[in-house]
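Residue numbers (full-length UniProt numbering): 1 to 252.
Below you can see the structure in the form of structure tokens.
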């Protein structure tokens with residue numbers, strides 16, 4: 001039986017938030033399924049690792065966050081940007097069933113404070129996320145360190161992630177209304193570094209968005225050239241597997 005197509009607006013701001021949640025959860029579930037097969041070594045452990053995987057699914061977890069925190073769509077999408085950024089800076093980190101939930105609530109907490117005029121207090125984010133306030137405070141500081149305190153990206157980049165989510169959804173049931181989806185907007189730029197309302201595209205000046213070091217490859221390339229979040233996670237998985245094999249060999 002063929003799955004019925006679901007048409008979505010060309011821009012993420014107009015997409016129903018419940019559909020956006022399904023798109024993001026689908027991507028995260030696939031990343032988790034991939035990364036859960038990677039052997040976990042001591043050097044890969046972070047504050048985001050749980051002792052066991054939470055019983056709540058990522059989809060239900062995101063729905064819970066949306067229901068009780070009134071999170072904005074940009075904060076949901078920018079979580080994917082943070083995953084790419086952190087996996088570029090820290091190749092040993094992977095989004096798995098042990099890290100996804102804590103990572104997500106920390107990301108929502110941080111991005112809401114950085115992007116939104118109004119946001120919830122930490123005790124509410126902690127309650128919704130199922131952790132203590134003390135733990136969330138620690139995760140928030142760790143998260144900021146992992147992204148090098150670079151909270152902002154452009155609206156253009158979030159639009160690119162939205163298009164990619166629709167294009168790569170596992171069921172292929174979502175389709176964007178219209179042949180092309182705009183990826184620029186003069187009124188909804190999220191980059192706070194310059195104060196300009198209409199920044200150039202990342203391909204024109206990629207260093208402006210990510211300011212990578214010579215040892216850190218930029219992930220802010222043109223959409224046709226920029227690796228997808230799946231490719232970045234696959235690279236991180238390969239790097240982690242190689243590091244783990246090398247460490248075992250050295251111990252022998």
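Backbone N, C-alpha and C fix where the C-beta goes; we use that ideal spot for every residue, glycine too. This one's a predicted model, so the numbers in the text were calculated from it and none came from an experiment.
{"Check": "Would DSSP call residue 175 helix, strand or coil?", "Outcome": "strand"}
{"Check": "Could you check if residue 175 is buried or exposed, using at least 16 other CB atoms within 10 Å of its CB as the buried criterion?", "Outcome": "exposed"}
{"Check": "Going by DSSP, what residue range makes up the beta strand (DSSP E) through residue 8?", "Outcome": "6 to 8"}
{"Check": "Counting Cβ pairs, one atom from each stretch, are 3 or more of them under 8 Å apart for the stretch 26 to 43 and the stretch 94 to 110?", "Outcome": "yes"}
{"Check": "So the candidates are 90, 16, 21 and 15; which of them puts its Cα closest to the Cα of residue 43?", "Outcome": "90"}
{"Check": "Am I right that residue 20 and residue 73 are in contact with their C-beta atoms under 8 Å? What's the rounded C-beta distance?", "Outcome": "6 Å"}
{"Check": "State the start and end residues of the unbroken alpha helix (DSSP H) segment that holds residue 103.", "Outcome": "100 to 115"}
{"Check": "How about residue 104 and residue 61: do their beta carbons lie closer than 8 Å?", "Outcome": "yes"}
{"Check": "Which of the three DSSP states is assigned to residue 141 in this structure?", "Outcome": "helix"}
{"Check": "Mind checking which residues open and close the alpha helix (DSSP H) that includes residue 58?", "Outcome": "58 to 69"}
{"Check": "Below 8 Å between beta carbons: does that hold for residue 48 and residue 128?", "Outcome": "no"}
{"Check": "Leaving out the 5 sequence neighbours to the left and right, which residues in its chain are closer than 8 Å to residue 58 when beta-carbon positions are compared?", "Outcome": "25, 28, 29, 32, 100, 101 and 104"}
{"Check": "Under the three-state reduction of DSSP, which class applies to residue 24: helix, strand or coil?", "Outcome": "helix"}
{"Check": "Going by Cα to Cα distance, which pick from 160, 169, 170 and 54 is closest to residue 81?", "Outcome": "160"}
{"Check": "For a quick check, are the C-beta atoms of residue 144 and residue 110 less than 8 Å apart?", "Outcome": "yes"}
{"Check": "Give every residue of the same chain whose Cβ lies closer than 7 Å to the Cβ of residue 7, excluding the five residues on either side of it in the sequence, and list them in chain order.", "Outcome": "175 and 177"}
{"Check": "For residue 166, which residues in the same chain have their Cβ closer than 8 Å to its Cβ, ignoring the five residues on either side in sequence?", "Outcome": "8, 23, 174, 175 and 176"}
{"Check": "Expressed to the nearest angstrom, what Euclidean distance is found between the alpha-carbon atoms of residue 138 and residue 164?", "Outcome": "32 Å"}
{"Check": "Can you grab the Cα-Cα spacing for the pair residue 199 / residue 35, in whole Å?", "Outcome": "Residue placement at residue 199 is flagged as unreliable, the pLDDT there being 30, under the threshold of 50; a coordinate-derived value is accordingly withheld."}
{"Check": "Less than 8 Å between the beta carbons of residue 136 and residue 78, yes or no?", "Outcome": "no"}
{"Check": "What is the rounded straight-line gap between the Cα of residue 11 and the Cα of residue 17?", "Outcome": "12 Å"}
{"Check": "What residue from 121, 87 and 130 has the CA that sits closest to residue 56's CA?", "Outcome": "130"}
{"Check": "Rounding to the nearest angstrom, what Cα-Cα distance links residue 151 and residue 132 in this structure?", "Outcome": "23 Å"}
{"Check": "CB-CB under 7 Å to residue 63, same chain, minus the five flanking residues each way: which ones, in chain order?", "Outcome": "21"}
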